[in-house]
Amino acid sequence: MERHFEHDLNELKQRLLWMGSLAERSVHQAVHAVLDADEHLAEAVLSEEDAINEMQIEIDDRVQRLLALQAPMAADLRFLLAVARINSDLERIGDQAVNIAQSSMRVLRHPQVKPYVDLPRMSELAESMVRDSLNALVRGDQELAQSVMQRDDQVDRLRDQLFRELLTYMMENSSVVFSAFELILVAKNLERIGDHATNIAEDVIYFVAGRDVRHPALDRR
Amino acid sequence: MASTAHGNSAAAARLAPEMKHPDNSAIVHESNGKLRFEISHLNFFYGPKQAVFDLNLNIPKNRVTALIGPSGCGKSTFLRTLNRMNETIRNTRVEGEILLDGQDILQMDVVGLRRRVGMVFQRPNPFPKSIYENVAYGLRINGYKGRLHDLVEHSLRRAALWDEVKDYLHKSAFALSGGQQQRLCIARALAVDPEVLLLDEPCSALDPVTTAKIEELMFHLKDSCTLAIVTHNMQQAARASDFTAFMLDGKLIEHSETSKLFTTPKDPRTEAYITGRFG
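Protein chains in written order, with the working numbering: chain A, 19 to 239; chain B, -14 to 264.
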């Protein structure tokens, strides 16, 4: 017979994954608002923000209630602590998607600066990191979580590459400064999304193995 | 079998390899090498039935060690071997070595041993005497010649009971509440200044407020005493102990710092037990 607590934990996980899918979709739509010059996608992202924020509060409430009433231990305790942190990261990912959507609306008022090459690659990478970090949570898969963490460097490199390239456009032609600056902000937000996905992957490792891998340079016993 | 929220299962626990001797080195390290008890290859039998199997465990000085495990796992039996209380039961047999400060307790005078290793039981068991006499009793039979009253007061203060009973010292101990009676039993045990206090589910009959008082008392007592507590209440073990040992079927499964055992247990059987997925 499934215990009541077990049922609550499963339900919490489902709600977190649902929130994750909302955040993931928002990122996809926000970036495609830029890439496909589709303002409707940007509006969809803005309208979804409240739903993500409400889920953050709901999940926090559930975690708080389970911590208070069930006094969880071991894997249950680590799971709830990880969910609380992942919840916060997903909400921030939702915020980054909103930032990208707002940038897209401003970018769309101007001619396209350049063909988009690195931005779609960066977006695919960041989206895959979010998706895989949540898959790692579902499967309790440390290796997948580790691979998410490794991909963060690639996202950072693409951001640097994009910064450099857009700077050259701005130096050559001052009329593109506004659009190029917005694209830099888009890249910056994607890079932050990669950071949040990395945080989620670290939390998955903590939950699965009880290892805190957040700051490897710190000497922990 | 119920599926679990995050993939751990009782089946995994059952499939876990037998851990022959849980690693005690971390306990030695965390306690700065100061051990009160060193127990090696302990076996205990009730007649033909073996209740404790090849148990190896170190109990550090001036720390609280909690013993947890399901009913019948041998934790109380093990606790009672530490002051040879099991010898009061017929047809019991003990094998192995139990060193108290390096001396084998099986070779010691049992009265002297129990003076050094006191015990408090699940149900408060004051003598049918006054509060004062309950505490003074142990001192009298041990031939204490000093100022009895001072030592009674000192023991009641150590047990955090003095302020509540100082004006009623000659009333019957049975007039006290359950929590007060339990603290009186602790005061009685403390009167002879033991080096170790064994507590066998001391709070199981007490309400949460009184339980909190006993736990607070344990926290203060460990400055002067080593404590070992058997408890079914895992929150109590988590709150009140420095080290925790998990026993199952008479065997020691895992022994580590409490903070580690309750957050990242190494053995899947420990995990299954403390998360309530046992069996």
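Think of the CB as a built atom: it goes at the ideal place given N, C-alpha and C, for glycine as much as any other residue.
Residue interval of the alpha helix (DSSP H) (run including residue 27(A)): For the purposes of this step, residue 27(A) is taken as the residue at position 9 of the first sequence. It spans 22 to 53 - the alpha helix (DSSP H) in which residue 27(A) sits, taken as one unbroken run.
Considering only DSSP beta bridges, list what residue 265(B) is partnered with. An answer regarding residue 265(B) cannot be provided, because it is not within the stretch -14 to 264 covered by chain B.
Suppose you measure from the CA of residue 76(A) to the CA of residue 102(A); what does that come to, to the nearest Å? Counting from 1 along the first sequence, the entry for residue 76(A) is found at position 58. Counting from 1 along the first sequence, the entry for residue 102(A) is found at position 84. Taking the straight line from one Cα to the other gives about 11 Å.
Contact criterion: CB-CB distance below 7 Å. Does residue 250(B) meet it with respect to chain A? Translated into positions along the second sequence, residue 250(B) becomes position 265. Closer than 7 Å to some Cβ of chain A, the Cβ of residue 250(B) qualifies, so yes.
Look up residue 194(B) in the DSSP assignment and say whether it is helix, strand or coil. In the second sequence, counting from the first residue as 1, residue 194(B) sits at position 209. Helix.
Compile a chain-ordered list of the residues in the region 229 to 250 of chain B whose CB is closer than 7 Å to at least one CB of chain A. Residues of the region 229 to 250 of chain B whose Cβ lies closer than 7 Å to any Cβ of chain A, in chain order: 247, 248, 249, 250.
Using a Cβ-Cβ cut-off of 7 Å, state whether residue 196(B) counts as contacting chain A. Indexing the second sequence from 1 puts residue 196(B) at position 211. For residue 196(B), the answer is no, since every Cβ of chain A falls outside 7 Å of its Cβ.
Helix, strand or coil: which one does DSSP assign to residue 117(B)? The residue labelled residue 117(B) in the question sits at position 132 within the second sequence. The answer is helix: DSSP assigns residue 117(B) an H, G or I state.
May I ask you to report which of helix, strand or coil DSSP gives residue 222(B)? As a working mapping, residue 222(B) is identified with position 237 in the second sequence. DSSP places residue 222(B) in helix when its eight states are reduced to three.
Does residue 204(A) come out as helix, strand or coil in the three-state DSSP assignment? Translated into the one-based positions of the first sequence, residue 204(A) becomes position 186. In the structure shown, residue 204(A) sits in a helix (DSSP, three-state: H, G or I).
Do you know how far the Cα of residue 217(A) is from the Cα of residue 86(A)? For this step, residue 86(A) is matched to residue 68 along the first sequence. For this step, residue 217(A) is matched to residue 199 along the first sequence. Within the model, the alpha-carbon separation for residue 86(A) versus residue 217(A) is close to 25 Å.
Looking only at C-alpha atoms, which of 67(A), 65(A), 84(A) sits nearest to residue 28(A)? To locate residue 28(A), count along the first sequence from 1; it is residue 10. Among 67(A), 65(A), 84(A), the Cα nearest to that of residue 28(A) is on 84(A).
Since residue 106(B) is in the beta strand (DSSP E), which residue starts that stretch and which ends it? Position 121 of the second sequence, counting from 1, holds the residue named residue 106(B). Note, residue 106(B): premise wrong, no beta strand (DSSP E); not H, not E.
Put residue 2(B) into one of helix, strand or coil per three-state DSSP. Your numbering for residue 2(B) matches position 17 in the second sequence. Residue placement at residue 2(B) is poorly supported in this model, since its pLDDT is 38, which falls under 50; the coordinates are not used for a value here.
Reducing DSSP to helix, strand and coil, say where residue 245(B) ends up. By 1-based counting over the second sequence, the position of residue 245(B) is 260. Note: residue 245(B) maps to helix in three-state DSSP.
What do you reckon, are the CB atoms on residue 173(B) and residue 119(B) nearer than 7 Å? Within the second sequence, residue 173(B) is the residue found at index 188, counting from 1. Within the second sequence, residue 119(B) is the residue found at index 134, counting from 1. The answer is yes: Cβ separation under 7 Å.
Counted within 10 angstroms of its Cβ, other Cβ atoms place residue 65(A) as buried (16 or more) or exposed: On the first sequence, residue 65(A) is found 47 positions in, with the first residue counted as 1. Its Cβ having fewer than 16 others within 10 Å, residue 65(A) is exposed.
Taking 7 Å as the threshold (C-beta atoms), are residue 200(B) and residue 225(B) in contact? The sequence position of residue 225(B) within the second sequence is 240, counting from 1. The sequence position of residue 200(B) within the second sequence is 215, counting from 1. Cβ distance < 7 Å, so residue 225(B) and residue 200(B) count as in contact.
Could you spell out the range, first to last residue, of the alpha helix (DSSP H) harbouring residue 55(B)? Along the second sequence, read from residue 1 onward, the residue named residue 55(B) stands at position 70. Neither: residue 55(B) is in no alpha helix (DSSP H) and is coded neither H nor E.
For the beta strand (DSSP E) containing residue 26(B), name the first residue and the last one. As a first step, residue 26(B) must be located in the second sequence, where it is residue number 41. Unbroken beta strand (DSSP E) run through residue 26(B): 20 to 31.
Would you be able to state if there are at least three C-beta pairs under 8 Å between the region 57 to 72 of chain B and the region 213 to 221 of chain B? As far as the Cβ criterion goes, the region 213 to 221 of chain B touches the region 57 to 72 of chain B, which means the pair count is three or higher.
With 7 Å as the threshold, decide whether the Cβ of residue 228(A) is near any Cβ in chain B. The residue you call residue 228(A) lines up with position 210 of the first sequence. With 7 Å as the cut-off, residue 228(A) counts as an interface residue toward chain B.
Establish whether the CB of residue 260(B) and some CB of chain A are separated by less than 7 Å. Position 275 of the second sequence, counted from the start, is the residue given in the question as residue 260(B). Chain A contact via Cβ: present.
For the beta strand (DSSP E) that residue 212(B) lies in, which residues bound it at each end? Counted from its first residue, the second sequence places residue 212(B) at position 227. Secondary structure note for residue 212(B): its beta strand (DSSP E) is the uninterrupted segment 211 to 215.
Ordered along the chain, which non-local residues of its own chain (more than five positions away) have a Cβ less than 6 Å from that of residue 5(B)? As a first step, residue 5(B) must be located in the second sequence, where it is residue number 20. In this prediction, residue 5(B) scores a pLDDT of 43, lower than 50, which makes its location untrustworthy; the coordinate-derived value is nonetheless stated afterwards. Around residue 5(B): no qualifying Cβ.
Exposed or buried, what is residue 186(A) when buried is set at 16 or more other beta-carbons lying within 10 Å of its beta-carbon? In the first sequence, counting from the first residue as 1, residue 186(A) sits at position 168. Exposed.
Own chain partners of residue 26(B) with C-beta closer than 8 Å, once the 5 adjacent residues on each side are dropped: Here residue 26(B) is taken as the residue at index 41 of the second sequence, counted from 1. Hits under 8 Å: 39, 40, 41, 80, 81, 82.
Please list the residues of the region 213 to 226 of chain B that have a C-beta atom closer than 9 Å to any C-beta atom in chain A, keeping them in chain order. 219, 220, 223
Pull out every residue of the region 91 to 105 of chain A whose Cβ sits closer than 8 Å to any Cβ of chain B, in chain order. So the close ones are 91, 92, 93, 94, 95, 96, 97.
Where residue 36(A) and residue 113(A) are concerned, what is the direct C-alpha to C-alpha distance, given to the nearest angstrom? Here residue 36(A) refers to the residue found at position 18 when the first sequence is read from its first residue. Here residue 113(A) refers to the residue found at position 95 when the first sequence is read from its first residue. Approximately 16 Å between the Cα atoms of the pair.
Using 7 Å as the limit for Cβ to Cβ distance, is residue 256(B) near chain A? Residue mapping note: residue 256(B) aligns to position 271 of the second sequence, counting from 1. Yes - at least one Cβ of chain A is within 7 Å of the one on residue 256(B).
Taking CB distances under 7 Å as the criterion, tell me whether residue 154(A) reaches chain B. Locating residue 154(A) in the first sequence gives position 136, counting from the first residue. It does not: the Cβ of residue 154(A) has no partner Cβ on chain B nearer than 7 Å.
Member of 223(B), 43(B), 91(B), 98(B) whose CA lies at the smallest distance from the CA of residue 177(B): Residue 177(B) sits at position 192 when you count from the first residue of the second sequence. Of the candidates 223(B), 43(B), 91(B), 98(B), the one whose C-alpha sits nearest the C-alpha of residue 177(B) is 98(B).
Where does residue 213(A) sit, in a helix, a strand or coil, going by DSSP? Translated into positions along the first sequence, residue 213(A) becomes position 195. Helix at residue 213(A).
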